[in-house]
Every structure is written in C-alpha cells, then in structure tokens.
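So the structure is just underneath, and the comments pick up after that.
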Amino acid sequence: MRPFPLLGTPEQMLRLIMAGLMLLALPFAVSAQEGPMQALLQDHAEIIVKNSRKTIGPAIDAVAASGLPQAQDVLQAWQAKEIWQRKSDGLFFRGEKLDSKTYRLLDFDSGADTGTFPKNELKQIKPNSGIRALIGTALVQFQLTDPDPARRSAALTSLERDPEAAALAPLRASIDGEDDAALKARKLRLERLLTMAFGQGDAERVAAIRSMSGDLSVDVRATLNPLVTSTRRAFAGALPRDVNIAKALKPGSEGFTQADAYALLVTQSRAPAQVTAAEVRDALAQNISGGRAGGIPVAQLSDPARRLEAYDVLAEGGLAPPRVSPRQKAEAIAAHSFADVYTEPSAAVTAAAEQALKGISTRVAVSQAADLTLDALSLASIYFLAAIGLAITFGVMGVINMAHGEFIMMGAYTGYVVQQIIPNHTLSIIVAIPMAFAVTFAAGVALERLVIRWLYNRPLETLLATFGISIALQQLAKNIFGTQARPLTSPGWLDGAWVVNDVISISYIRIAIFVLALIFLGVFLFIMNRTRLGLETRAVTQNRRMAASMGINPDKVNMLTFGIGSGIAGIAGVAIGLFAKVTSELGSDYIVQSFMTVVVGGVGNIWGTLAGAAMIGFFQKGIEWLNPSNTLAAQTYMIIFIILFIQFRPRGIVALRGRAAGD
Amino acid sequence: MQKTFVSRNPSVLIFLAALGLFTLFVTIGSEAVGTGLISTSFVKTLGKTLCLCLAALAMDLVWGYCGILSLGHFAFFGLGGYMVGMWLMYERTRDIVTGALAEAPIPPTDQEIVDAIGTQIFGVVGSNEFPLIWSLADSLVLQLMLVVLVPGLLALVFGWLAFRSRVTGVYLSILTQAMTLALALYLFQNDSGLRGNNGLSGLQNIPGLETVPQSVLSVWFLWASALALALGYLLAVFITEGKFGSVIRGIRDDEARVRFLGYPVEAYKLVIFAATACIAGIAGALYYPQAGIINPAEIAPIASIYLAVWVAIGGRGRLYGAVIGAAFVSLVSSWFTGGQAPDLPLGFYTVKWVDWWLVLLGLSFVLVTLFAPKGLGGLVDLWTNRRSPDRHGADLGPGPGALREQEAAE
Amino acid sequence: MNTLLEVSGVSVSFDGFKAINNLSFAIGSAEMRAIIGPNGAGKTTFMDIVTGKTKPDAGRVTWAEKGQSLLGLSEARIAREGIGRKFQKPTVFEDQSVQDNLLMALKNNRSPFAVLFYRPARAHLARVEELAETIGLQDQLARKSGELSHGQKQWLEIGMLLAQEPQLLLVDEPAAGMTPAEREHTTAILVEAAKTRAVVVVEHDMEFVRRLDCRVTVLHEGSVLAEGSLDHVTKNPDVIDVYLGR
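Protein sequence lines correspond, in order, to chains A, B and C. For the first sequence, the positions run 1 to 663 when my numbering is used. For the second sequence, the positions run 664 to 1073 when my numbering is used. For the third sequence, the positions run 1074 to 1319 when my numbering is used.
As structure tokens, then:
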C-alpha cells in the first residue's frame, strides 16, 4: 500500500491534492513502471483486493470504460484468475506459472517481463463466480468486436442466454463492422430482441415487437413473456390512471372470489388478517386459566363453535386480535378496486406484445399438433416394431407366446454384447442386427421344437408354458447381466434431432425406428405374399392336413415361421434398446401393449397390426397431451379404452368376416 | 341316488380333516402356546399360504371348472387387501393421532383429528386431504363389505363387457391381463388416493388389539384363514358337485353346445367370475394383515399368472389340486428365495438358489404343462387308481379351455 | 296343418359369397322333413340361422302361431323357445356321465341361481331313466359319456335333444358313421319323435332319407330347388342335374 496520511497539516493536504491532480493529468509521468492501466487498477486496489461481488462494480466498470487497449486483456486475465498482486509494492501483474513455487510477472501496460518471483511474495486475486459473471458481462462489448469469430459467437451466445440492457448499445455498434454473415444475422436478431425488452421509447420497442411477431422461436417468446407479466394488486378507491392495467377485476366473479379479494388485501397489508382456526386454538391454549379458556371449560373446546365463542371472549378482553366479521370484510373489499397490473409500464408495448404473443400462440398450437403427430407416429412405430413378430406368431400361427417380450430383450442384450466386442458404434449396430436375428431365430426354433409344437390348438397351455419360459429367461438375463441397466449406445450420426422449428423436432433415432418399422412391414408383406415360405405358412395355418397332403411339411413350416417371428422380435429389441435402457424387464414392458396392438388391430392381418399400433400410439400421445404430467394415467386410460374398444369390434379394426374367421 | 353331501364327496372329509389337523399342529407348535417349535414369522407364512390356497381355489373354479383363464384374480385379491388395509391404517393412525393430540392443551375438534390423520397417511404422497374413496374407512363393517363388493363389482362390470362381446380363450386372458395392468398402473399413481407405490403399511397392527402380542395374533389369523379356506372349499364343492357344476364344466369343454341346450352361458360365466372375485377378495383381506404391507406391485399381472401356475401345478379341475399346488409352490418358493436352500456347488459354478429358483420354477412349469397336465393331483389318481375316459388321444371338447384327455380324471 | 316355423326371403353372405340366397321354408308342428343337397348348398348355414348362431343379412324367421321373430334372440333364448339342435359331429360332454348329460338337458329353469340350488327330484331321475331306455343307454347311465361308442354318443345327443322337449328338432346327419343296425334304431327314434313335434333332418344318405319316409326339401346354392316326396324330387330334372352334374 502506498503511504496515505490520514491526517496531516493543510500544507500537506494541498500537496496531496496537487499530486492527485497531476496524477490525473499526466498519467505517464507517475512512474516508469506504473502505466495508465496500472494506475487505474491502483485506484481501485482496495475493492479489487476486497473481492466482494457487492462492491466490485466500480472497478470493473472503470476498466471496461477506460478505453485503454489493454482493457479486454485485463478483464480476461482477471476472469481467469491470472492477476497477481506483488506484496512488496501492491502493484498488479499478470502471473505466469513457471513451477509450483515461482511465477513470472508481466506488466499489463507494456507487456514487459518484470522478472520472476517466489509465490510467497505474491497474492493471487481470485474472483468468485459472481464476480466472474460480472466481468463476463463487461467483456461482452469487447468480445462482440473481437477479431476471432469464435469469441464473437461465444459472446453472442452468452448474451442470448442472459440478455441485458447494457449490451444493447455495444451490440448495435458492432453490427456494421461485422463481416461474418451468419454472425451478423445473429447480431441483428439479438438486437431486435434486446430492443423489444430494453429499447428507448415505445415506438422503437413496438416496431421491434411487430417485426418479430411471426417468429416461433423460444427466445422470442422468452423475451415477450416478461413484457406481459402482470401482478394482482388492490388499490384504495378507484383504479389509478397512471398504471398499465391488464385487466380490472371484480370481486365475486369467476376466478376472483370475495375470499381471493380479501386475501389480496391482507397480503398488501390493506386489511387485518383473518384469524385462522389454528390461531384460535393457539390463542385459547395460551389463555387457559383454571381449566377454562375464555370462560368456557377446556373439555368443551373440542366443539368448533364453542372455541369461537371462547375466542371472542378473549378478543373482547384484548387478549387476542378480534376476528374479522363478514361485514368488515365486505366493507374492506368495497373500499378497494382490484386489477391485474402489467409490470411493464408502457401500454403500447404491452398491447403490441399481447398481440404478437396471440399470433405466435396460434402458430405454436399448430406446430404443437404437428409435433404431437410426429411423436405419436414414432410411438406407433415402436409398438408396431414390438408387435410385428407377434403378428406372425400370434396373428398368423395362432400361437400365443408370452416369452415374446423376452425375445425382444434377448435381441437388445445381443446388441449390448456385440457392442462390448466391437467398439465402433456404427459397425456394431450393423453386426448386431443380423446377430440378434440369428440368436432369437435360434431361440424361437428351439422353443417351437421343444415346447410349442406339443401344444398346438391348446392356446391356454401354450400361454402358461411360454410364460414359464418367460420367467426363466428373465431371471437368466438377471443372473448373467445383473439387474442394472446396460447401455446400448447408438452411433453418433443418429444423435441429435431433426428440427423444423423450436416446437417441431424429432430425434433421428426415432426417425430411424420409423424407417425400420416401414422396412419390416415391407419384409413381412414380401415374405407372406411373395415367397414360397409365405404361401406354405398361409396354407398350413388355414388347413394343416390339406397342406400336409399337398407335400408341405407343416412341422418345418411352423418351425421356420415361428423362428422368423422371433427373429424379428430380436431386431426390434436392438431398435428398442437404442432408446430405452436394456434391462431384463425390457420385454415385459412391451408384451401387454404388443398383444393389445395385435388384438385391437385384428388377428391375422398385418394391416390390422399397423392400424392397431397407430391407434394405440396416437391415443396414448393424445391422452398424454391432455394430461402431460402423468404417463401412468395415460397408460391406464389407454388400456381401459382398449377394453371398451374390443366391446364394439371384438375382432379388431381390420376384421376377417364370415366362416373363415372361425369361432 | 339320494346320498348325503359328504358321501357324495368323500374328498371333503379328508380335506377338512387334514386342514384341521394342520391348524391344530401349528397352533400347538406356535410361540403363543409356548412350545415355540414354529416361529411366529413362520406361523404368519403358513397363515398367508392358507389365504393363497383360497385364492387358488377361486382360480380353479374359474379356470379349472369354467375354462376362463383369468389373469386378473390376483388383482381382486389385492383389492380385498386394500379395502381391509384402508380401515386398518385409518383406525391405527387415528389411535396414534388422538394419542398425540390428547397431550395438547386444547382438546382437538373432529376436523382437526381427521386433518391430522390425513397428514399422517398422505404426507408421503404430498397431500393431506382424504380422497373420496376413503369416506367409509372409519367403519370396519362397511369396509369389510367393500372387501367383497369392490372386487365383485369390478368383476361384474368387466365380465359383463367381456362376456357379452363373446371374448373367449386367450383373448379373454389377455384382456384380463390388461385390466390387471391398468389397475396396477392406476394404483401406482400418487393421486390414486391409495398412497401410490408406497401402498398401505403397518397392517399387522390391529387397532383395539394392541395388547395382544403378534405371536397370538398370528395364530388367530391362522385360524381365521383356515376357517375361510374350509368354508371356501365347502362352497366350491357345493357349486361344482351339482347341475351347476355340470353346466360350467360343459361351458369349459364346449361352450356352444351349452348355449344350444338353452343355458345363458354369459350369465353363468358372470356368476362364476364375480363369485370367485369375491372369494379372492376375502382371501386378500385375510392375507395382507398377516403380510403387514400392500402396494401396487402385488397386483402386477405377473402375480395373477403365478396364481394360474399354482393351479396348473396342483392340477386344475379338481379343488384339492388347487390347494395342494398353491401350498406346495408358495412354500417351496419361499424356502428357495428365503436363502434357506443350500447352494449347489458345480465345481466351476455355484448355483445360488436365490438367483436360480425362478429359472427352475419356469422350466419345471413348462415340464408340468408338457408332461404332467394333471399336476400334483395326478399322484392322487395313481393312488386311487382312477380311470379316464378313453378318447384315443383326442381332447374332450373343442373349447379352448377344454380338459385334455390326460387331465380328465374326476 | 298349422305352421310352426316359417323362414322367408332369408339371405346371408360371407365375404361376398352368398351362402343363403332368398331362401323360404316352412314346417308344420308335427312333421318330419328331410333336407338334402350337395356340399355348400347352405344346409348347415340354414340351421345356424334358425338357431341364432348366424345373423342373416335379409329376411324373416318367424316362430309358432304367435308370429314371434327369432331374429335378434340369443342362441340360448331360441333353444329355450323350443328349438333343439344336434350337431354333425356328436357333441356330448365327454367328461361327464350319461346321467349328468341328460340331467343337464332336461327341461327345467335354466337361470344360474335356480340351477345352483337344483338337486334332482325323483321324477327327474325317472324321466332320465325313461329317456335312456328310449335311446338304448339304460345300462350306461353311470358311465362317462366319453367312453361311449360313436353311435351311442349320437343317440345320447338325440336323447339330450328329446330331454329338452323342443317343438322343433334340427338334426344334422344323425346316421353318419353308424352301422346298419344302429341306423335302424336311429330311424325309429326320429320317427317316434316326429309324432309329437317337428323334426328336420339334414342328411346325405338317400337310403336313410328313404327310410324316414317324409317330405324332402332339396337345397342348392342357398335356395330351395325342389320340394315334395323323395320319389317326386328325384325325378325332377334340376335335381338330377345338380347331383349328377357334380
């Protein structure tokens, strides 16, 4: 610290003032070492060292507004905790670490190396995060004109996240000099947003609002919404003219009851608070004497009416605040008027903002509907994927396989294992799909050979036996892979989302699943309608004996068909594993919905399964949209809906009619 | 032909005698009597097993006799448990709350008591108000009626919808499974009014019987469960032995034929479905006070499938088969999963039964379905040397629930 | 002769295939009628419509002199109105004894609660014995019906029909798979039954139809081709065409 006499003779004081004036007038003359920046820092040395968010403001402002070429440098160094103070003379330097004990100090003004010093002779200035944020704000104006486009972009991002009035002027100033077209567009856009919020004068702001009213982006809405926030207030007498009123409120009307009005008066300290039941009880408890409170025996005070009686006695005696009578309440309410008042004082701005928001919300609603449709479509394709294997084994062959969900799980775990061996995500997925098919195909064939073929035409037994397989497989998976979820990571190019605007977006992985569902549909149709196997499958399912007598081996056909159905479940498992966690319960999460999909759609018809998946997917999304907080409720209502739906179309959406449909 | 009930059904006497002896044996061995051969917790396990047997009996009536493979009867069981649990929890919380408020200087109002109970019970789901469904919870009689009424009405409504649209076979099974899933998901919600996934707890403490030690209570519940099982068995025999039994077995084997005989098949199914739902509800109401806690996971579809597994392993279509199956599988299951079964070292791998029991159960279930469709009850046939109708390998009827030749032994 | 059942202008199609095409048919209250026709002529579908299993697309089915429509009634209700049906394949409850089978069919209150508390009275058991005697199964009452021979099962099913005391019996190929002696017995049972009620027999076997000695209705492609005595219809050129043309 420099010597600074607290008290001295007037002569000394005069000299000191003279020296101060000289210091201001001739900054370079102070010392060979002390440049203008150093001088500035020294002027604020006390608060810099104090290092408090509350008091640091003037120091940062002084550096930022100094107009010195080093200002940005200093602020950045400060933010990066690179400023060190030399204990011997209190000067500030940029410190460069040489080793853990020695630092080299560089002068801010000249950039000159002033030598190395041991750490214990120095003091580091460590701004806390609050101060660093303030410095960051001050840096924005420099960064907006920084020669490095990446820095300019970063500055814009920080401003976009945290817009503030002070940035408006530097931002405007930086637009003309901007040579990067993309950055210029961002700057222009940000300038509009900042003008909306902080512009000078209504006309400028209204113009900015109008110019942005067609924009659906979240940032526009985030800027507009604070403009139209209002608070509910009560005013004595009539409503004043000098406030920007959003809506005058009449007590006793819809959404604003008399009780609301009185409660508002209480919170604004315009009326005495009502005495609550708890306060009554506490007041009575404090005034018990001789087994009585307010003259009434304590034992009788379990009756609410007696309690009030006793309380009124206490109130009359001044032992408790009196209760507010209904008449007093009515008078208090009548003496006031109520309104929602905009925080923003300018009526022109709020009107423009309301209008813009109204237009935006309509367009947002349309976009939301589109987004919901996309979501529903993607959910439907997931259900379709999970159900398409069942459409073959259950729909075509009539075999109810409760272990189908576990085949989905096996497919997902196959994908996980493949990913452990092949680290490249793209390659591993490409390998995993045929692997999953092979594994579950084999499992399906084994299941058919060992269990199901003995139980054809015994659907209930098949259900129970395959359920036995299902619990065994689930537990087996738990024993092998543990109970915690295993990740199945999608390749990088599937990350991210296809963004139409701020409302409509869909992740690439869901698009991929949608495409996969379409491919499966195609494969299914191809196998069933264009291949020998499909023909034989249809023959065997329609009339087993006839098919056998025509030289078809029904055992082989059943085995292959069941294998393919199971194999498709395995591929579906890989797809589902990509967006859901792979656990041993993965399959059972989908099994009921899958059966529902097949049953609702109509057994034995792939278009029915498609329709069923679409219906369930859209319906579930629809309910979730009505009640977004509660997906459990959505599932509950969906199942109830399905149960009711089956009442009206017991054979599903696409029903086979007539004798062929069987009983 | 006019014989007495017992002589027409000799198995009833054997069953009741066995049940009585079992109860007597457990009572003598319990800690309450003092011998302490059987721990209180094991007495509870046995009491719970008797309740499961009753539920299995209901399942056998609806599946083994009427051919409806319901995957919803454990949901009815759970509902019964919830109904009695509401009263237990309400009363017990009220005792605690009134005890606590008695210390207060001012005696509490009724509303304050109710509010305090509400805060106690629903604080865990971030609420303190009583939902509408709790409005009868302060009355034991009404809540006990709900034990029967709620599962019964749900079964009635669901059955009416399903049967009138002629949903049969596996479709019906899937539909009942969906109903169970919907119910479980609903109860999992915090705003269902039944404490979401926390469920109801502390049910082992019976209000008004705080002074009775758990060792005695457990024996009382054992007796009650045994009595309920005995009555349930008699009811089931009464239902199945006469013409009603003929009709429902006819429905199982060939529904269309029964219809063409002029019987309103849907009404019969509805009666059996709802009646067995009530029995399951009663079984649940006795089970959960012994278990102490009920939560929505108990109702999950898998539990109902286990119920079917017990009946299948015991031997469907015969009442004692269901009881044997439920008792055997649930006791063996708790033996294995309780860690009491010794590990099986294979040299390269040690089989821990806690992990491998479900695999074993699943596979043995497949084996039973494939090779021993008569289940454990088939052993009785070996002993009594019964004969089945000779059908040259064909099934006994076209219905999807029809008995197979190997099974038809009674 | 008063009409018991009248079917008029009934049509039904499955996925475009007209199984029954504008069919009209009537039968009196104590009449035996044989229905013949080639495969796919609509014989079984006709029975399905009368018994309520299949709903026709058009037409009327009226019952008894009251003129009550049978359309829209459930199968069970139609059966209780007095129409009994025997299926092509013998369908008896194989898991249950002959006595149980007959008791179940015996005309009685069919509502679940009445049945629950029903215990067979002496009169009912006597009636069962009587029926068993009619169908020649008096010694088999305690046996499980699954153990009976094919012919015995057919008789048991006819016995169950008789136990229902219907006004109209629909019998689908009663003689299929029977020995000549069994056929004779079956004919006797049906002829006896037709004395007090209407009996409609669907049959392929001309010899069996001849024994029944009754009016014959020939169905072809879902409508009536000819009607009259067996000799009359066999001389009809259309009928000869249909049968020989195949």
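Backbone N, C-alpha and C define an ideal beta-carbon position, used for all residues, glycine too.
Would you say residue i lies against chain B (beta-carbon separation less than 9 Å)?
i	result
A472 (chain A)	yes
V366 (chain A)	no
A465 (chain A)	yes
Q1237 (chain C)	yes
Rounded to the nearest angstrom, what separates residue i and residue j at their Cα positions?
i	j	result
G622 (chain A)	I642 (chain A)	14 Å
L676 (chain B)	R981 (chain B)	15 Å
F1028 (chain B)	L1292 (chain C)	52 Å
A315 (chain A)	D340 (chain A)	36 Å
N120 (chain A)	E82 (chain A)	16 Å
L560 (chain A)	G602 (chain A)	23 Å
L933 (chain B)	G727 (chain B)	15 Å
A937 (chain B)	L1189 (chain C)	15 Å
V669 (chain B)	L898 (chain B)	13 Å
D1286 (chain C)	L1078 (chain C)	21 Å
A1299 (chain C)	A1103 (chain C)	21 Å
A1196 (chain C)	V600 (chain A)	51 Å
T782 (chain B)	I769 (chain B)	19 Å
G652 (chain A)	G608 (chain A)	7 Å
Taking the alpha carbon of residue i as the point to measure from, which residue in the options has its own alpha carbon closest?
i	options	result
G130 (chain A)	A:A181, A:D113, A:P554, A:K54	A:K54
A387 (chain A)	A:A234, A:L224, A:A569	A:A569
V140 (chain A)	A:N120, A:A539, A:L168, A:Q124	A:L168
L239 (chain A)	A:A335, A:Y262, A:A347	A:A335
L1263 (chain C)	C:V1282, C:T1252, C:G1250	C:V1282
T1118 (chain C)	C:Q1227, C:R1158, C:E1202, C:A1249	C:R1158
T1032 (chain B)	A:R172, A:W454, A:F407	A:W454
R161 (chain A)	A:I135, A:L194, A:A185	A:L194
V503 (chain A)	A:S211, A:G565, A:D219	A:D219
T1135 (chain C)	C:L1144, C:P1129, C:M1177	C:L1144
If we cut at 9 Å on Cβ distances, does residue i have a partner in chain C?
i	result
I968 (chain B)	no
P673 (chain B)	no
G917 (chain B)	Residue 917 (chain B) is actually Asp in this sequence, not Gly. Chain C contact via Cβ: present.
L924 (chain B)	yes
Y896 (chain B)	no
Could you list which residues in chain B have their beta carbon closer than 7 Å to that of residue i, in chain order?
i	result
S302 (chain A)	P770, P771, T772
D1173 (chain C)	S909
T1127 (chain C)	Within 7 Å Cβ-Cβ: nothing; T1127 (chain C) doesn't reach chain B, min ~12 Å.
Using a cut-off of 9 Å between C-beta atoms, extract the partners of residue i located in chain A.
i	result
G908 (chain B)	By Cβ distance, chain A contributes nothing, its closest Cβ being about 20 Å from G908 (chain B), past 9 Å.
In chain B, what lies closer than 8 Å to residue i by C-beta?
i	result
V418 (chain A)	Result: empty, since nearest Cβ-Cβ is about 24 Å, beyond 8 Å.
M596 (chain A)	I837, A841
For chain A, find out if any of its Cβ atoms is closer than 9 Å to the Cβ of residue i; answer yes or no.
i	result
L857 (chain B)	no
E775 (chain B)	yes
Which residues of chain A have a Cβ atom closer than 7 Å to the Cβ of residue i, listed in chain order?
i	result
R829 (chain B)	P650
Q852 (chain B)	N630, L632, A633
So which residues on chain B does residue i lean against when the C-beta distance must stay under 9 Å?
i	result
L1176 (chain C)	K906, S909
Mind listing the chain A neighbours of residue i? Cutoff is C-beta to C-beta under 8 Å, in chain order.
i	result
G832 (chain B)	P459, L460
Using the beta-carbon of each residue, which ones in chain C are nearer than 8 Å to residue i?
i	result
G913 (chain B)	F1166, Q1169, M1177
Contacting positions in the stretch 280–298 of chain A - beta carbon closer than 8 Å to chain B: R281, L284, A285, I288, A293, V298
Interfacial residues, the stretch 1183–1203 of chain C to chain B, with Cβ spacing under 9 Å: R1183, S1184, P1185, F1186, V1188, L1189, F1190, Y1191, R1192, P1193, R1195, L1198
Residues, ordered as in the chain, of the stretch 1137–1160 of chain C that lie near chain B by beta-carbon distance below 7 Å: E1148, A1149, A1152, R1153, R1158
Where the stretch 923–950 of chain B meets chain C: residues whose CB sits under 7 Å from a CB there: F923, L924, G925, Y926, P927, V928, A930, Y931, V934
Residues in the stretch 987–1000 of chain B having any Cβ partner in chain A nearer than 9 Å: none
Members of the stretch 808–822 of chain B near chain A, C-beta cut-off 7 Å: none
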